[in-house]
Amino acid sequence: MLRVILNRLKPKGEEILAKEQAGFQAGRSTVEQIFNSRILIKKHMQHQRDLFHNFIDFKKAFDRVWHDGLWHVLRGFNIDEGLVKNMESLYMNSNSAVFVNNTIGNSFKTTVGVRQGYLLSPVLFNIFLERIMQDTLHQHSPTISIGGRPVCNLRFADDIDLIAGSQAELQVLTDRLVASSKAFGMEVSSEKSKIMVSSERVDDASITMDDEPLELVHKFKYLGATLHEDGSSTVEVRTRIALATAVFANLGKIWKSSIFSFKTKHKLFRSPVISILTYGCETWMLLADMERRIQVFENKCLRKLLRISHKDHVTNETVRELVVAHVGLQEPLLATVKRRKLAWFGHVTRHDSLS
Numbered sequence: 001m002l003r004v005i006l007n008r009l010k011p012k013g014e015e016i017l018a019k020e021q022a023g024f025q026a027g028r029s030t031v032e033q034i035f036n037s038r039i040l041i042k043k044h045m046q047h048q049r050d051l052f053h054n055f056i057d058f059k060k061a062f063d064r065v066w067h068d069g070l071w072h073v074l075r076g077f078n079i080d081e082g083l084v085k086n087m088e089s090l091y092m093n094s095n096s097a098v099f100v101n102n103t104i105g106n107s108f109k110t111t112v113g114v115r116q117g118y119l120l121s122p123v124l125f126n127i128f129l130e131r132i133m134q135d136t137l138h139q140h141s142p143t144i145s146i147g148g149r150p151v152c153n154l155r156f157a158d159d160i161d162l163i164a165g166s167q168a169e170l171q172v173l174t175d176r177l178v179a180s181s182k183a184f185g186m187e188v189s190s191e192k193s194k195i196m197v198s199s200e201r202v203d204d205a206s207i208t209m210d211d212e213p214l215e216l217v218h219k220f221k222y223l224g225a226t227l228h229e230d231g232s233s234t235v236e237v238r239t240r241i242a243l244a245t246a247v248f249a250n251l252g253k254i255w256k257s258s259i260f261s262f263k264t265k266h267k268l269f270r271s272p273v274i275s276i277l278t279y280g281c282e283t284w285m286l287l288a289d290m291e292r293r294i295q296v297f298e299n300k301c302l303r304k305l306l307r308i309s310h311k312d313h314v315t316n317e318t319v320r321e322l323v324v325a326h327v328g329l330q331e332p333l334l335a336t337v338k339r340r341k342l343a344w345f346g347h348v349t350r351h352d353s354l355s
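So this is what it looks like as structure tokens:
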């Protein structure tokens, strides 16, 4: 039943959603929005233009979706009435109960929130949020563009980067989003929403939300990647290496164990450790120092796997040869990063997207 409803709802949802929304969309990922943000910042810095961000945080976004409001939104987007009624019936008898000290309390009817892990929830949430964003952006003329397309926000589900060319424009967008959200029972957090300025000329900004000033930051973790106000990737690369180093250290007992073969250890190294380091690497703007840090990290890890100390005076070339002898020819980590960057460039040039 749910799969049938989803198959009918999803195509309509894809028609409704703006290109700025990449969340839960086939062929799109967090990397796309991270890339768009980095490129926007870098281009504005290069051309000495100002870019203002408000990274929006909703309070319990998926849990605050107002059911009656959702059905109103679906009908407003001309979703088939029979389909809407089917979804209404699924939520009609929605009840919750509190579980405390191994005891389940009395159940009560719930009128808000899309169900966690529910097949339809991502699509329903996106459509609901689309209506809020449409009200927010009604008759607004963005001063920022990507590839000639006017844009004033980047979205991945409820992770929103409001962008503007001036402080005044960003304040207007913020006020409109807060008002539109309230109209549909959603609430934006003034404590967790942050502003950032990317500019050679401006280093300060004052944006308020319900008369509460928002915190100005110089870097922000957006979709798992650290965006810096100047668009550089230095902080992000260092952060990724630190995270990967911590994971590698946590697996120290395995690296020292004689039970596991080098081949098994190497597979483990390439899976959780390297995948953490290379997350979002397609968007990095590499400098020589970053490349060196990546190479140093990999060489240190391979020496640990091979149980080679620096006191052994074994060259990095010899370490590579030993790895090849154990598991065959392997692509160096830096080469992997560069290959993924090149593949991403090809993806961007082939696809009709914000990128």
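Just so you know, the sequence shown maps onto residues 1 to 355 in UniProt numbering. In this text, a Cβ means the ideal position worked out from N, Cα and C, and glycines have one as well. Bear in mind that the values here come from a model prediction, so they are computed numbers and not experimental data.
DSSP state of residue i mapped onto helix, strand, coil
i: Asn54; result: strand
i: Glu14; result: helix
i: Trp284; result: coil
i: Leu9; result: helix
i: Thr336; result: helix
i: Ser233; result: coil
i: Arg238; result: helix
i: Ser198; result: strand
i: Leu305; result: helix
i: Ile146; result: strand
i: Leu70; result: helix
i: Gln116; result: coil
i: Thr111; result: coil
i: Glu298; result: helix
i: Ser355; result: Note that Ser355 scores 47 on pLDDT, short of 50, meaning its location in the model is unreliable and no value can be drawn from it.
i: Glu215; result: strand
i: Ile207; result: coil
i: Ser271; result: helix
i: Arg49; result: coil
i: His347; result: helix
i: Glu291; result: helix
i: Val65; result: coil
i: Lys19; result: coil
i: Phe248; result: helix
Where the alpha helix (DSSP H) containing residue i begins and where it ends
i: His44; result: Thr30 to Gln46
i: Ala26; result: From DSSP, Ala26 is part of no alpha helix (DSSP H); its letter is neither H nor E.
i: Asp175; result: Gln167 to Ala183
i: Leu154; result: That residue, Leu154, is in no alpha helix (DSSP H); its beta strand (DSSP E) goes Asn153 to Phe156.
i: Thr264; result: Phe262 to Leu268
i: Lys85; result: Glu81 to Met92
i: Ser189; result: It is not in any alpha helix (DSSP H) - Ser189 carries neither H nor E in the DSSP assignment.
i: Val319; result: Asn316 to Val327
i: Lys311; result: That residue, Lys311, is in no alpha helix (DSSP H); it is neither H nor E in DSSP.
i: Ile276; result: Ile274 to Leu277
i: Ile254; result: Gly252 to Lys256
Beta-carbon gap between residue i and residue j smaller than 8 Å
i: Leu223; j: Ile56; result: no
i: Leu90; j: Phe128; result: no
i: Lys311; j: Trp255; result: no
i: Arg307; j: Leu119; result: no
i: Gly185; j: Arg75; result: no
i: Asn7; j: Leu214; result: no
i: Leu154; j: Gln33; result: yes
i: Val237; j: Met290; result: yes
i: Ile160; j: Cys152; result: no
i: Arg131; j: Val73; result: yes
i: Phe156; j: Gly23; result: yes
i: Phe248; j: Cys301; result: yes
i: Val217; j: Ala205; result: no
i: Gly27; j: Asn126; result: no
i: Leu51; j: Ser199; result: yes
i: Leu124; j: Val114; result: yes
i: Arg201; j: Gln48; result: yes
i: Gln295; j: Leu268; result: no
i: Thr136; j: Ser189; result: no
i: Val319; j: Asn299; result: yes
i: Ser121; j: Phe77; result: no
i: residue 368; j: Lys194; result: Lying outside 1 to 355, the shown extent of the chain, residue 368 is not represented and no answer is given.
i: Asp158; j: Phe58; result: yes
i: Met133; j: Ala288; result: no
Neighbour flag for residue i against chain B, beta carbons, 8 Å
i: Phe35; result: Judged by its chain identifiers, the structure shown contains no chain B, having just a single protein chain.
Range of the contiguous beta strand (DSSP E) that encloses residue i
i: Ala225; result: Ala225 to His228
i: Ala164; result: Asp159 to Ala164
i: Phe128; result: Looking at the DSSP string, Phe128 is not in any beta strand (DSSP E); the run it does join, the alpha helix (DSSP H), is Ser121 to Leu137.
i: Lys59; result: Element bounds for Lys59: n/a, residue is neither H nor E.
i: Lys221; result: Lys219 to Tyr222
Using 8 Å as the Cβ pair cut-off and three pairs as the minimum, do the stretch 239-248 and the stretch 275-290 touch?
The answer is yes - the stretch 275-290 touches the stretch 239-248, with three or more Cβ pairs under 8 Å.
Looking at C-beta atoms only, is the number of pairs between the stretch 137-147 and the stretch 28-46 that lie closer than 8 Å three or more?
Output reads yes: the stretch 28-46 touches the stretch 137-147.
May I ask you to verify whether the stretch 77-89 touches the stretch 210-229, counting CB pairs closer than 8 Å and requiring at least 3?
The stretch 77-89 is not in contact with the stretch 210-229.
So, does the stretch 262-274 touch the stretch 319-337, judging by three or more C-beta pairs under 8 Å?
By the criterion of at least three beta-carbon pairs nearer than 8 Å, the stretch 262-274 is in contact with the stretch 319-337.
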